[in-house]
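Numbering (this note's numbering), first residue to last: 9 to 342.
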């Protein structure tokens, strides 16, 4: 069966790091059929469209997407929406997986190997905002069905990857109807996986431990907003956001995307770190195409390149490699 991949560059440094990741992928899987789609705020300013007319249809057909970050203004812009958010919803990617593991770079924490499994469709990110007199409100949505689905995903990942513990993160003491539901349903599901240890932490306590001793975590199962914040905190122990991969996972569908943003301050300079994009591709290969050996090849090549101190500017201020030079170092190790 031919593997198809929809590639959406996005904005800023995405024009540099996404092609680097595609090059790595095509080196190890030359038969992958790639379809390029234009999207993002830059494309919107040129055309008045957030994404090409058939972009969402191409993504649905391919069932696998590599998406670069797109800029999103912090104020309403008529006619514009975040292409990646629209894509996640249309493709029903209910789980956002964000691993942080030790890499041989400055600030990375030896022994670190955690995975944040983040519910990807609900919580305060459901975009249900309303203006009220003197302010605004947002709806926090937590349902039993979505919680059961993400909990099964977390525990199945624990089983398949040999992990031992799932930690449920919530704020049920303050929000017993929403976060309390998430905690309770997650514990119900945990009883179907008796070989996996289960515990829970309040989100503020989890944040404390993420700063003090992140190696205490194995898998974190949590809601949309908490997962977003905690995974970014974890990335600081993995070398920074330039090295942090992510995968949105649904039923037979996946969207790989780096955690970092568009970095407009360095866009176009050829110095951006493509590691997060490359490792996101490896996640897609492992969890969507179920090719663990190829994913391991990509990850080992990245580890080897970094172990030999092939660093981009975010990791070293002097004698730093360009995006292209770093990509070549990874290619050599494939």
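Even for Gly, the Cβ is constructed at its ideal location relative to N, Cα and C.
Coarse secondary structure for residue i, derived from DSSP in three states
| i | result |
| --- | --- |
| residue 268 | coil |
| residue 173 | strand |
| residue 157 | helix |
| residue 108 | strand |
| residue 227 | strand |
| residue 150 | coil |
| residue 193 | helix |
| residue 23 | helix |
| residue 240 | helix |
| residue 320 | strand |
Per-residue burial, residue i [other beta carbons within 10 Å of its own, 16 or more giving buried]
| i | result |
| --- | --- |
| residue 208 | buried |
| residue 24 | buried |
| residue 153 | exposed |
| residue 128 | buried |
| residue 80 | buried |
| residue 99 | buried |
| residue 251 | buried |
| residue 256 | buried |
| residue 178 | buried |
| residue 114 | exposed |
| residue 27 | buried |
| residue 9 | exposed |
Cβ shell of residue i (< 7 Å), same chain only, five flanking positions each side left out
| i | result |
| --- | --- |
| residue 40 | 11, 13, 33, 34 |
| residue 118 | 110 |
| residue 91 | 16, 47, 48, 58, 59, 78 |
| residue 254 | 104, 105, 106, 265, 266, 267, 288 |
| residue 70 | 12, 13, 14, 43 |
Anticipated Cβ contact below 8 Å, residue i with residue j, distance rounded
| i | j | result |
| --- | --- | --- |
| residue 195 | residue 186 | Their Cβ separation, rounded to whole angstroms, is 15 Å, which puts residue 195 and residue 186 out of contact at 8 Å. |
| residue 239 | residue 106 | 4 Å |
| residue 112 | residue 315 | 4 Å |
| residue 173 | residue 227 | 7 Å |
| residue 266 | residue 245 | That belief does not hold up - the Cβ atoms of residue 266 and residue 245 are roughly 17 Å apart, past 8 Å. |
DSSP bridge partner residues for residue i (one or two, in chain order)
| i | result |
| --- | --- |
| residue 139 | 144 |
| residue 344 | Residue 344 cannot be examined here, being either before or after the span of the chain that is shown, 9 to 342. |
| residue 258 | 261 |
| residue 125 | 105, 229 |
| residue 178 | 210 |
| residue 131 | 149 |
Beta-carbon proximity list for residue i, same chain, < 6 Å, skipping 5 on both sides
| i | result |
| --- | --- |
| residue 73 | 14, 67, 263 |
| residue 176 | 191, 194, 208, 229 |
Residues near residue i by beta carbon distance below 8 Å, same chain, minus five either side
| i | result |
| --- | --- |
| residue 224 | 217 |
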